Structures are given as structure tokens and as C-alpha cells.
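In my numbering, the protein residues as written are 23 to 598.
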């Protein structure tokens, strides 16, 4: 057996003869398959099906090389999905996966041309494994110039043809293991239960016919929507995630061939329907086989579709935002936990971080008009800037830089400046969204963002000044914590500056592609989302350091008091 990529040194790059390294590798992969992969396979929530996969399938693989290689392939795919590096680094695992997949396809092609009853059972399981690996391979997709994942669907179609032949060969055979598995999936694939009006009506907007659609096209779209609606109906009914994952793997195999062709042509309606498929797939994002596939595919489709079609992605995008908001909610609870345990002088920084995450949830979890969403997006800069100033104040407080009264006076003046700038910006922003804003509102918006930019520059100056000023604290740990916070504030100002300058350019130029709500995907991710989240996370880290610094300062003070008490006792003893 000769495989591709033989120039790379690995057990699979050896000649056809067996090697100790290869035997050990395959032993590890088979062990991993039985004890880690099988429990995650769609359908193994049935005890009988799990028994088949863990016991029967490995036995079948002994006499069928395609299935043996497929097991190795799926084990390696699972390692890539979960980040498992027990047997090798991920780069090496990726290489092994490519080689075993090629070996599987080579053996698979040899046998399918002359399928017999003797190998039909093993060939059927090989088809199932290839379908699952093809779906999970979507996690590796790169989105430079977008192309629909047609190759995945075409592979599924090819595998389906083989699967149908093997089922015909094994028809009526009660001992065939694949028939036992198919029997449990009967309700999943029963046409009368899938291609029904209730499932289609889950997404009525997808059923609207367009002028360019032929009768064949429309029928293909409707059937595909029925499959997607069936998945959503199952999720609404509370079906177990493993069962829904099983549907995700099976249904694309059943999509009409005409739909795959329309998808290959990048027809807008086909792409919108595909986005809804990935949106229902988000119900299973906790599965190793699904992961972040829905988020990546939907965001890529949003960036590819022309602006006039993006509103049709409202529901898929809302599903992704729910996932993002769940992470944001977790961050809020983390901040609250820190606030409960934190010293009073530094509580402002934590409160501002929490306000930022609350605004982020309001923006993502509710349906807002473009004007309102733009206001909230701009207002989100306020807690970040004020949070950075509060954390900087914590650093100076720990290091005892300057007078406390002067620090609080500067903090008070800075808060007035930023709050006023944000208010002016929020008042002027709505009318700036119109095609011809009034000069007075345009001036107000520019004044607000200009003041915010001045505030950001002042914060940079304040940070630089704090860096070069010497601390007067006697507590070493507190001093080190204050210096660490100061170092953390520096990148935070870069992230905040990116966001502020983007808002400045967007408002002054009135370039719609720079709009933080309706602009291009690249702008919203690179210039809005990433800078904001990076700033918030950095501030959260600084807040944690400040908390530990306060603890260290208190500990040092207690130790100093103990030492003074001990010295007093000794002196009293000498005097006596």
C-alpha cells in the first residue's frame, strides 16, 4: 500500500511492509476509537448501536481494509476536532489523517465496483464513517474567496449511492449489523414525516419563489427547507443533542441533487437556505463533530452575499449572537465574582467592565433598529475608556504615585469629559444615519467623537506620566502589582484607540462600509468586535491583578503591625 505525502517521515510513509511504528500507531488509534470516538458517534445513545460500533465494527475491519483505514481516519479526525495530542502534535495528526483518508478512498473505490454480500456490511459502515468525516472536515475550511461547501455534499452523494447498493444486497438479512442501525433511523428518514407542511413552515420566508426559479429549482428548495425544518422541529421538541447531530449528518445526504447544483452556482436563495441549515446545526455546537462550523459558515455567507440579501440572514445571525451572548453572560458573572471580593477603591473598574458586557448583550440579544444599535455600539466605548482610567488609578494607588486628592480630581474631570463626549455623540449619531444629515447634527456628532478622541489621547498622556513617576509605597508586592497593571493598560489603550479612531473616520467620512452595524464583515470584526473584546479582557486581567495587589498590601500591613507589636513587647521586657 502506497500513500501520498511519502516524502514526509512518518509511519505511513514507509513501504508496503509493516513496521513496528505503524503497528503501534494503529493500535493506539483503534484503542482511541473504541473508548473515545464511539461514545461521541451520532446514534450511540442507543446501547445496541454503541455495542455494534465498539465491538462489531472493529471485527469487520479485520477483513476489510477500507473500513480499517476509515476507523483510523475517524479517530484522527476526532483528535483534530478535540485538540487531542496524546499520540502526536496536531500538525502530525493532520498529516496522518490525510494519508489514512487517501488510503480509505483507494480501497473503497476498488471494492465498490464489485460489491458482494460478503463485504456489503463492512462497506456500509465505511460509507457512514466517510460521511461523518466529510461533515467534520468543514471545521478546516478556510474562507478567503468564499465557495459553497459543495465538495462535502458531492462526497455525501457519492457515498449514498454505495450505501443504497449495499442495503439492497443486505435487504431482509436480519443478521446484517447495518440493518440494525438503519432500523433505529427509520423515523428520521421517513419521507411523510420529513417532507411535510409543518416542517416547511418552520421557515416560511425560504419558501417564497423568485422570478429566476424554475419549477425544478423551486421543488428542490422546498424539499431542502423541509429537511432543515425537520431538524428545527426536533430541537423545538427537546430532542437529545446526539439525535439532532445524527440528523445533521444524515439529511445533507438526502438533499436534492438539484439543490447541490444551485448551491454550486452560488444562487442567493440556495446560499440563504444553506445558512439556515448551519443555524439549526448550532443546536449541536457542543458536539466535537460540529463545534464552531455554524458560526464560521454563517459569518462567511454574510460577508459573501450581496447587501440586498443580507436581511434574509437575520435569523441565522441571531442564533450565532445567542452563542456569543452566552459567553458574554459568563464574563459578567466572572466580573461580579471579582467585585464581591474586591477592595472598595478599585470597584469602579469592575463596574465599567460589567456595563460593557451588559451593553454587548443588549446589542446582540434584542432586535434593534439600525439607529438604536449604532447608538449602543458607540456608547460601548464609554465603559471601556472609563474602565481603563479606573484601572490606571488602581495602579497609581497601589504604587502610591502622587497625591490621592489630585488623582481623584483628575478622575472626576476625566469622567465628566468622557460622559459629556459620549452623550453628545449619542444625541448626534441617529441623524447621521440619514442620507443627508443636518449640518447642526453633523457638527454635534463630530464634536462628540472629537472630544472622545481627546479623552483617549489624555489617557495615553496620563499613562505615560504614571510610568515615569516613582512610587512611594513600602509594599513590594503591591508595587509589583501596580507595575503589572500599568503594563496591561498600555495594550488596552491601543485596542481602545483602534475603536475610537474607527468611529472618528466612520462619522466624518460617512462611508457606509465603515458603519459598525451595517458595514462589511471585515470592518465589524477587525475594527469593532476584536478591539472591544481585547480591551475588555485585558482590563479584566488588570482588575484581577489589582485585587491580588490589594490583598498583598493588606498582608504586608498586617505583617508590619505584628513586627511592631513584637518589637514593643521586647522593649517592654528589657525595661522590666
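Even for Gly, the Cβ is constructed at its ideal location relative to N, Cα and C.
Model, not experiment: these values are computed from the prediction.
According to the Cβ coordinates, are residue i and residue j closer than 8 Å?
i	j	result
residue 439	residue 467	no
residue 285	residue 181	no
residue 481	residue 515	yes
residue 96	residue 154	yes
residue 288	residue 225	no
residue 510	residue 567	yes
residue 294	residue 178	no
residue 72	residue 60	yes
residue 246	residue 281	yes
residue 423	residue 501	no
residue 296	residue 170	yes
residue 484	residue 414	yes
residue 417	residue 519	no
residue 47	residue 109	yes
residue 341	residue 292	no
residue 562	residue 410	no
residue 311	residue 158	yes
residue 160	residue 319	yes
residue 130	residue 148	yes
residue 326	residue 168	yes
residue 398	residue 558	no
Between the Cα of residue i and the Cα atoms of the options, which residue gives the shortest distance?
i	options	result
residue 549	561, 560, 535	535
residue 269	280, 249, 146, 258	249
residue 474	445, 187, 539, 491	445
residue 531	465, 558, 561, 511	465
residue 217	192, 273, 199	273
residue 183	82, 169, 146	146
residue 238	279, 65, 203	279
residue 84	190, 144, 198, 115	144
residue 260	234, 75, 564, 306	306
residue 21	529, 149, 546, 76	Nothing can be reported for residue 21, as the shown portion of the chain is limited to 23 through 598.
residue 322	127, 544, 121	544
residue 421	436, 120, 506	506
residue 555	565, 537, 517	517
residue 94	126, 106, 150	126
residue 152	375, 123, 258	123
residue 290	524, 106, 324	324
residue 86	499, 132, 106	132
residue 119	497, 80, 186, 162	162
residue 512	490, 491, 486, 537	486
residue 150	207, 195, 111, 112	207
Between residue i and the rest of its own chain, which residues show a CB-CB distance below 7 Å, the 5 nearest in sequence each way excluded?
i	result
residue 40	none
residue 401	381, 444, 448
residue 577	Note that residue 577 scores 48 on pLDDT, short of 50, meaning its location in the model is unreliable; the coordinates nonetheless yield the value given after this. There are no such residues.
residue 242	278, 280, 281, 284
residue 70	202
residue 389	Low local confidence applies: a pLDDT of 49 at residue 389 is under 50, so the model's placement there is unreliable, with the coordinate-based value given in what follows. Here the set comprises nothing.
residue 522	403, 474, 475, 478
residue 580	Residue placement at residue 580 cannot be trusted, given a pLDDT of 48 that sits under 50; what the coordinates show is reported in the next sentence. There are no such residues.
residue 58	100
residue 81	none
Given residue i, which residues of its chain have a CB within under 6 Å of its CB, disregarding the five upstream and five downstream residues?
i	result
residue 526	471, 475
residue 78	199
residue 267	64, 306, 309
residue 469	446
residue 594	Per-residue confidence for residue 594 stands at a pLDDT of 47, beneath the threshold of 50, marking its modelled position as unreliable; no derived number is given.
residue 524	549
residue 165	322
Within the same chain, show all residues whose beta-carbon is closer than 8 Å to that of residue i, passing over the 5 residues directly before and after it, in chain order.
i	result
residue 67	262, 264, 265
residue 192	139, 142, 143, 146, 198, 200, 201
residue 442	473
residue 174	156, 157, 159, 160, 274
residue 74	199, 202, 203
residue 220	251, 255
residue 236	none
residue 215	209, 252
Does the beta carbon of residue i sit closer than 8 Å to a beta carbon anywhere in chain D?
i	result
residue 490	In the displayed structure, chain D is absent; only one protein chain is listed.
Assuming residue i and residue j are in contact, meaning their beta carbons sit under 8 Å apart, how far apart are those beta carbons, in whole angstroms?
i	j	result
residue 189	residue 204	7 Å
**Prompt:** Looking at C-beta atoms only, is the number of pairs between the segment 131-140 and the segment 92-105 that lie closer than 8 Å three or more?
**Reply:** Look at the beta carbons and you see the segment 131-140 not touching the segment 92-105: under three pairs across the two are nearer than 8 Å.
**Message:** I'd like to know if the segment 48-64 and the segment 83-97 are in contact, where contact means that at least 3 CB-CB pairs between them fall below 8 Å.
**Reply:** yes
**Prompt:** With contact counted as at least three CB pairs below 8 Å, one residue from each stretch, are the segment 207-225 and the segment 253-262 in contact?
**Reply:** yes
**Asked** Using 8 Å as the Cβ pair cut-off and three pairs as the minimum, do the segment 329-337 and the segment 310-319 touch?
**Response** In the pairwise beta carbon analysis, the segment 329-337 is classified as not touching the segment 310-319: fewer than three pairs are separated by under 8 Å.
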